[in-house]
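Just so we're aligned: the sequence shown equals residues 1 to 106 in the working numbering.
Accompanying notes for the structure given below.
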Amino acid sequence: GGSDKVETFKCFWVQLIWAEAVTAILCMLFILCGGAGVIHRSEQTCYPIPEDVEEKLRAGVSGSGGLGSNRAGPPGSPILGTYCVRCLVWRPPHDASHHCSVCQRC
1 GGSDKVETFK CFWVQLIWAE AVTAILCMLF ILCGGAGVIH RSEQTCYPIP EDVEEKLRAG
61 VSGSGGLGSN RAGPPGSPIL GTYCVRCLVW RPPHDASHHC SVCQRC
C-alpha cells in the first residue's frame with residue numbers, strides 16, 4: 001500500500017520535471033530560430049522609397065545620420081506606416097516595430 005503511493009508520487013514529480021525541461025528547451029529553440037517579427041526586405045516592404053530619401057541615396061548619403069529621422073507614411077495608408085532610414089523598409093502602421101540596436105533590423 002504505502003510504498004506504492006510514495007513511488008507513484010515520486011514518478012509524477014519526475015515526469016513533471018521532465019515535461020518542464022522539454023518545454024523550456026522548445027521555448028529556447030523558438031526564441032533562437034524564430035523570426036521574432038523581423039521585417040524582411042521585399043518589393044512590398046521597400047518600395048516606394050520616399051522622394052527625399054531616394055534623392056539623398058542617389059547623392060551618396062547613407063546611414064541614419066545623413067538620412068535623418070524615419071519618415072511617416074501617407075495618412076490613412078493600410079500598408080505604409082513609417083519608413084526606417086536605417087533598414088530602408090516600410091513598417092506596418094499602428095505597429096510597435098522599431099529598429100533594433102542589437103541585430104540592426106526592424
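Beta carbons are placed, not taken as given, at the ideal position from N, Cα and C, and that holds for glycine.
Keep in mind the model is a prediction, meaning the values are calculated, not measured.
{"Item": "Between Trp-90 and Gly-68, how many whole angstroms is the CB-CB distance? I'm expecting something under 8 Å.", "Value": "Contact doesn't hold; Cβ gap of about 16 Å is too wide."}
{"Item": "Starting from Cys-84, follow its DSSP beta bridges and name the residues at the other end.", "Value": "Val-89"}
{"Item": "If contact is defined by three or more beta carbon pairs under 8 Å, each pair taking one atom from either stretch, is the region 43-58 in contact with the region 14-21?", "Value": "no"}
{"Item": "Check the C-beta distance from Val-53 over to Tyr-83 and give it rounded, since I have them as a contact under 8 Å.", "Value": "7 Å"}
{"Item": "Under three-state DSSP, which class holds Ala-72?", "Value": "strand"}
{"Item": "Whole angstroms is fine: what's the gap from Asp-95's alpha carbon to Ser-77's?", "Value": "13 Å"}
{"Item": "Let's see if you can read the secondary structure: which residues bound the alpha helix (DSSP H) around Val-53?", "Value": "51-58"}
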